[in-house]
Amino acid sequence: MDRNEERALIERAIAGERTAAGDLIRAHQRSVYAYILRMSGRPDVAEDIVQEAFVRVLGNLHRFDFRFRFSTWLFTIARRLYMNAMAKNRPAYDTDFVGSMGNSGGPAEQPIYSDERQSVQHDAIQSALMSLSEEQREIIVLFHQLDWPISLIASHLDMPEGTIKSHLHRGRKRLRVLFKDQSTLAQKLEGVAR
Amino acid sequence: MSRSRRDHPDMRDDAPGRIPESLIDAAMDGELDPAIQKEIGNALQYDPARRQEFHDTRDAINALRMPIESPDLSDQVLERAHRHRRFIPRKLRQQVRAGRVGMAALLLVTLLGVATLQRMYPRLTTIASQPTPVANIESAIETDGRQLAQTVTGDIQSLRDCMPDPVRGMLAGSLSRPGNTSYNTDVRIVTTSLSATAPQSMPHAYPHTSYALVTLAQQHQNDHDRRSAQQRTGGPSNIVLMSWTTSSSNRSSPPDPIDDAIELP
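Next up, the structure:
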């Protein structure tokens, strides 16, 4: 969605058009959900925070400054909500979210991933991400998953670009090692299960 | 920002055989142009350790970029927004805002008006506990006037009582004396008339003596007592003659008016 299209959608939502508000939510919910899910490792936490973020955004939509990107505003609100939630009650890493390895104890009610092979990969990368520091995890998710440029990440996190790069390089190196270990472990467990 | 491969500090001719990690990072950060990245890809063929690291990193990033199934939250969000009344159409929001501003302005004007009235007419804005009709005000004024008159009368009487009256003083002293059973404290003085000489009806008079006719009246507890007293004395009051010596030589012994009194019917 380009900026003009997004602006028109926002203006319609401000005017009270419910369908426009729904389209706006559907256009951005996947990315912000993925962002919070990667950060928290908990689908329930991600869902709650994304809902609350959209409710707040819609409640203050008339205050939105069209000079900025809507996604940046939405992510800032979602991030603040996530940080507040973490400060109040740090959510434990959802083992069920990772526990689909070995085909036991997986998320039976709401499968997050459609394919079992992909699920193993997802679980491995999520487990590796959760082993990183908060800054490294957030920067890697924003840069590699959501394709945010370094400058935008620096603005979003209020850090110098050099610090962002430093976190990115160190985090990526560590992620590589952790992901390889997790993948190897998952393959071994899969072999044992078969 | 693109750089030439030879301009990069880690791609010097005298660098060791391995590809610098920082160069791989720069490529992954997208800071190198596609031609340079292709050259790095070719160079990785001759650096198996770095190639393995590169592939592991790429696998991790690819796993990270795999799509995540996200639940559709739009209906829940819209429902919550509607329930919390946060998602209000612009026109309605403007009306609500105008209403709030109007209410605030009205309240402010009211307060300013009350403050102005309070300053100009302080009694007008005094809130009474109960409403006071005009008739009550008239009767209150009349009552106040009576109370004021009684107070003034009482004050005058107090002043009179304070004035020197030898008859009243002596009489009060004799009445309070034990044994004088003919008069008691219920007796009140009605009139006094001072005289330097004895009345005509007095059989003898003394020099240097003053006389006074005092009309006394008894206060009775009830009508029966009053009637019996009137039958006994023949009237509602008694007149007594009081005398006392006025010479300087006898001042040391005050006169006894009761002893010299002549009771007249």
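Line order of the protein sequences matches chains A and B. 173 is the number that the numbering used here gives to position 97 of the first sequence; each next residue is one higher, with no gaps. 974 is the number that the numbering used here gives to position 24 of the second sequence; each next residue is one higher, with no gaps. Idealized CB from N, CA, C, for every residue including glycine.
Using a Cβ-Cβ cut-off of 8 Å, B:I986 does not count as an interface residue toward chain A, since no Cβ of chain A sits closer than that to its own.
In this structure, the alpha-carbon of A:F140 lies about 38 Å from that of A:R250. Contact of B:L1014 with chain A is assigned, a C-beta pair being separated by under 8 Å.
Boundaries cannot be given for A:A91, as no alpha helix (DSSP H) includes it and DSSP labels it neither H nor E.
The three-state secondary structure of B:E1019, taken from DSSP, is coil. Under the Cβ distance rule, A:V121 does not count among the residues neighbouring chain B, no pair being separated by less than 8 Å.
Between the region 241 to 256 of chain A and the region 210 to 226 of chain A there are three or more inter-stretch CB-CB distances shorter than 8 Å, so the stretches are counted as touching. Ranked by how close their Cα comes to the Cα of A:T148, the residues A:R248, A:G238 and A:D223 have A:D223 in first place.
Check the Cα spacing between B:R968 and each of B:N1012, B:R1001 and B:K988: the tightest is with B:R1001.
Annotated three-state conformation of A:F255 is helix, per DSSP. When C-alpha distances from B:E971 are compared across A:H220, A:A110, A:R114 and A:R248, the shortest belongs to A:R248. When rounded, the separation of the alpha-carbon atoms in A:I101 and B:S1024 is 6 Å. Looking only at B:D983, B:L1057 and B:A1013, the smallest Cα-Cα distance to A:I201 is reached by B:A1013. Along the region 229 to 255 of chain A, going in chain order, the ones with a CB nearer than 9 Å to a CB of chain B are K241, L244, H245, R248, K249, L251, R252, V253, L254 and F255. Contact check for A:L137 against A:A89 passes: the beta carbons are separated by less than 8 Å.
Apart from the 5 residues on each side of it in sequence, A:P236 sits with its Cβ closer than 7 Å to the Cβ of A230 in its chain, given in chain order. The three-state reading of DSSP puts A:P236 in coil, since its state is none of H, G, I, E or B.
For the region 95 to 112 of chain A, the set of positions with a beta-carbon nearer than 7 Å to some beta-carbon of chain B reads A97, G98, I101, R102, Q105, R106, Y109 and A110 in chain order.
Classified as exposed, B:H1174 has fewer than 16 neighbouring CB atoms from the shown chains inside 10 Å of its CB. Counting along the chain, B:P984 sits inside the alpha helix (DSSP H) bounded by residues P984 to L994. Judged by beta-carbon spacing, A:Q221 lies beyond the 8 Å limit of A:A96, meaning their Cβ atoms are not closer than that value.
Contact check for A:V131 against B:V1027 passes: the beta carbons are separated by less than 8 Å. Rounded to whole angstroms, the gap between the alpha carbons of B:E989 and B:L973 is 11 Å. Residues of chain A whose Cβ lies closer than 7 Å to the Cβ of B:D975 are, in chain order, H245. Chain A has no Cβ within less than 8 Å of the Cβ of B:L994. Taking a Cβ-Cβ cut-off of 7 Å, the neighbours of A:Q194 in chain B comprise M1016, given in sequence order.
Between A:V126 and A:I112 the beta-carbon gap is near 6 Å, inside 8 Å, which marks them as a contact. Judged by their CB atoms, A:S116 and A:Y158 are nearer to each other than the 8 Å cut-off. One thing to note: A:A129 has its Cβ within 8 Å of the Cβ of A:A154. Within chain B, the C-beta atoms nearer than 8 Å to that of A:Q221 come from L1014 and R1015, in chain order.
Annotation for A:F142: R83 place their beta carbon closer than 7 Å to its own, counting only its chain and skipping 5 residues before and after. Cβ-Cβ separation between A:Q194 and B:M1016: approximately 6 Å, consistent with a contact (criterion under 8 Å). Nearest C-alpha to A:F144 among A:N160, A:D78 and A:K256: A:D78. With contacts defined by Cβ atoms closer than 8 Å, B:A999 and A:F255 do not form a contacting pair.
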